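Per our numbering, the sequence shown starts with residue 140, numbered consecutively.
Notes for the one structure printed next.
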Amino acid sequence: MTTWAFLIQGIGLGFAAAVQPGPFQAYLISRTLSRGWRRTLPAALAPLVSDGPIIVLCLFVLSQLPLWFQRFLYLAGGLFVLYLAYGAFRAWRTFEGVPAADGKEARQTVLHAALMNAANPSPYLYWSLVTGPILLNGWRTAPANGIAFLAGFYAAIIFSLAGIILLFGTARKLGPKVNRAMIGISALALAGFGLFQLWFGLSGG
């Protein structure tokens, strides 16, 4: 395949990964509704922070590990998502509007989102079963193919996540009551994802 073909594959898979409903997307929506799109927008860069170690782990280690390790990832991810759900619940309970943004919280948002992504088993499975083989195939045929795939993948993810944040940021203009209700819904969604991941890990899938 040509370099353009790998680039297009990266864009398509990156977009699919970004818009697929999951705990990370629910966290972004919850954060946007409770803190505003300006504070949450840096979180769109979280995959750039967290995915490097994930890619290395998946390509060289994860495929060789036993099934119990995958179950451990679901358990750890489930507990972390429940922690985020509790934070969203507290934001719903004490919601009084959105305070002014500051640079320190923007940095914390990126770190928090990166930890959220790293604790979520989906990127590990995605890189083990879908994108990892494509990246390896592209790199082996020509390094430019692998680079094009990664560039397309992360460009699509970042712009798609930014679009989700901006889209739900407009919901904050509907009024405090609607905003508070949507924060509550997002807290329930996070709790649901967390409980599902715990159940999946305990049951062994």
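Heads up, the beta-carbon is just placed ideally off N, CA and C, and yes, glycines get one too.
The structure displayed is predicted, hence computed values, not measured ones.
{"query": "Simplified DSSP assignment, three categories, for Asn-259", "result": "coil"}
{"query": "Rounded separation between Leu-329 and Leu-264 - CA only", "result": "20 Å"}
{"query": "Buried versus exposed call for Gly-149 [16 or more other C-beta atoms within 10 Å across all chains shown]", "result": "buried"}
{"query": "Where Gly-333 falls: helix, strand or coil (DSSP)", "result": "helix"}
{"query": "Beta-carbon separation (whole angstroms), Val-188 vs Ala-283, contact threshold 8 Å", "result": "So it is not a contact: roughly 25 Å between Cβ atoms."}
{"query": "CB contact flag (Phe-307, Ile-193, <8 Å)", "result": "no"}
{"query": "Assigned exposure category for Ser-173 - 16 Cβ within 10 Å defines buried", "result": "buried"}
{"query": "Any 3 or more C-beta pairs closer than 8 Å across the region 322 to 341 and the region 212 to 231", "result": "yes"}
{"query": "Buried versus exposed call for Ala-239 [16 or more other C-beta atoms within 10 Å across all chains shown]", "result": "Bear in mind that a pLDDT of 44 at Ala-239, under 50, signals an unreliable position, so the model cannot answer this."}
{"query": "Test item: CB-CB of Arg-319 and Trp-231 under 8 Å", "result": "yes"}
{"query": "The region 152 to 165 touching the region 288 to 302, judged by at least three CB pairs closer than 8 Å", "result": "yes"}
{"query": "For Trp-346, the first and last residue of its enclosing alpha helix (DSSP H)", "result": "Because the chain here runs from 140 to 344, residue 346 falls outside it and cannot be looked at."}
{"query": "Reduced DSSP category for Thr-309 - H, G, I as helix; E, B as strand; rest coil", "result": "helix"}
{"query": "Reduced DSSP secondary structure (H/G/I, E/B, other) of Gly-291", "result": "helix"}
{"query": "Three-state secondary structure (DSSP) of Gly-226", "result": "helix"}
{"query": "Segment limits, alpha helix (DSSP H) that includes Thr-233", "result": "No alpha helix (DSSP H) holds Thr-233; DSSP gives it neither H nor E."}
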